[in-house]
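For the sequence shown, the numbering used here gives the first residue as 2, with consecutive numbering after it.
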Amino acid sequence: MAAHPATETSSAVVFGAGGAIGRALVERLLDDPRYGEVHAGLRGDGPVPAGAVPFRFDLSDEESIAAAAACLPQEPALVIVATGLLHDPASEIAPEKSWRALDGAAMAQVFATNTIGPALIAKHVLPRLPRRSRAVFAALSAKVGSIEDNRLGGWHSYRASKAALNMLIRNFAIELARSHPQAIAAALHPGTVDSRLSAPFQRGLPPDKLFSPDQSAGYLLDVLDGLTPADSGGLFAWDGTRLPY
C-alpha cells in the first residue's frame, strides 16, 4: 500500500454517516491516529459515533450542502460520500426487472440520491482539498454501474445512476489534476454489505460474499490508502481491483 502522509492535524469527512457503511467508516477513521478530526454528516436526526464531529445536510438541497461544506475544516485529507438509494418501499421504489417497470418520478429520486447529490457535494468540497499534499475524494458506487460489465440488464435506474456517478468521478479527476495534482477522485464498489440497502437481495448469496459494514469499511479504506494520483478517476472494488466503466 502507498504511504498516506496524513498527520494528526488532518481531518476526514464522511457524508452519509447514518448509513451502515458510512457509520462503519467513521468508526474506523476515529481509530486511525492519522486523523485529528473526523466529521460525520447525517441526512437526518440521530447520533454519531463518540468522538466524531457531527454535521447535518440535505442531499436534495444544495444550500444545505454548501452550508455544511463551509463549516468543515479547510483542506480535509479525506472526503467520502457514503449515500445511496436502491429501494424505498415507502416511495414504491424498487429495482426494475424490465423497462415496463420504469417510472419517471422514481427514476428521478434515484438519480437525485445516487448522482446529483454526490455531484453537488463535490462541487462544494473539492475546492477545499489541499493543493500541495495528497487528498482523496471518494464516493460509494457499485459494480452494477459498470456498462462494460453489464451482462444481466435490469435494475435500470440504479445501474444508470451509478454509471453516471462513475462518469462524474472521471470528470472530477480530470479537472482536479489541473489544480490539485496530488489529489485523487475515486468511485468505490463496497461489495454486498449486510445493510438495509441490500437486505432484500441477499438470498442465495454465499456467506463469504456478504460483508459486515465494518469489514467493508476496512477494505475500502485499505483501497484508498493504496491509490495514487495516476489512479484518479477510476472505479475500484473492495479488493482493490480496478473495474471497467
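Don't be surprised by glycine CBs; every beta carbon is placed ideally from N, CA and C.
On a predicted model such as this, the values are computed, not experimentally measured, just so you know.
Is the beta carbon of ALA174 sitting closer than 8 Å to the one on LEU79? Result no, Cβ atoms of ALA174 and LEU79 do not sit closer than 8 Å.
Under the rule that 16 or more other beta-carbon atoms within 10 Å means buried, what is GLY234, buried or exposed? That one is buried.
Can you tell me whether PRO6 is buried or exposed, with buried defined as 16 or more other CB within 10 angstroms of its CB? Confidence is the limiting factor: at PRO6 the pLDDT is only 49, short of 50, which leaves the residue's position unreliable, though a coordinate-based value still follows. Counting Cβ neighbours within 10 Å, PRO6 comes out exposed, since fewer than 16 surround it.
Proximal residues to PRO214 (C-beta, below 8 Å), its chain only, five neighbours per side dropped: If we look at PRO214 and ignore the five residues flanking it on each side, its Cβ neighbours are ALA21, ILE22, ARG24, ALA25, VAL194, ASP195, SER196.
Where does the unbroken beta strand (DSSP E) through VAL49 begin, and where does it stop? Looking at the DSSP string, VAL49 is not in any beta strand (DSSP E), and its letter there is neither H nor E.
First and last residue of the uninterrupted beta strand (DSSP E) at ILE185: Start and end: 184-190.
Whether or not the region 85-94 and the region 113-120 are in contact is what I'm after, with contact meaning three or more pairs of Cβ atoms, one per stretch, closer than 8 Å; do they touch? Touching, yes.
For TRP156, the nearest candidate out of ARG179, LEU189, ASP104, ALA18 (CA to CA): The residue with the shortest Cα to Cα distance from TRP156 is ASP104.
For ALA71, count the other beta carbons within 10 Å of its own beta carbon; 16 or more makes it buried, fewer makes it exposed. Which is it? The residue in question, ALA71, is exposed, as its Cβ has fewer than 16 Cβ neighbours within 10 Å.
Check the DSSP bridge columns for SER12 and list the partner residues they point to. GLU38, per the DSSP bridge assignment.
Under three-state DSSP, which class holds PHE112? In this structure, PHE112 counts as helix in the three-state DSSP scheme.
Could you check which residue in LEU141, GLY47, LEU169 has the C-alpha nearest to that of ALA238? Residue LEU141 is the option with its Cα nearest to ALA238.
Keeping to the same chain, check which residues put their C-beta closer than 6 Å to that of SER158; ignore five residues upstream and five downstream. Result list for SER158: MET108, VAL111, in chain order.
Between the Cα of PRO96 and the Cα atoms of GLY154, LEU127, ASP59, PHE56, which residue gives the shortest distance? The candidate whose alpha carbon is nearest that of PRO96 is GLY154.
With distances taken between CB atoms, is the gap from GLY1 to SER217 smaller than 8 Å? The structure shown does not extend to residue 1, since the chain is modelled only from 2 to 246, so the question has no answer here.
Along the chain, where does the alpha helix (DSSP H) containing ALA102 start, and where does it finish? No alpha helix (DSSP H) holds ALA102; DSSP gives it neither H nor E.
Does the Cβ-Cβ distance between HIS190 and ALA143 come in under 8 Å? Taking a C-beta distance under 8 Å as the contact criterion, HIS190 and ALA143 qualify as a contact pair.
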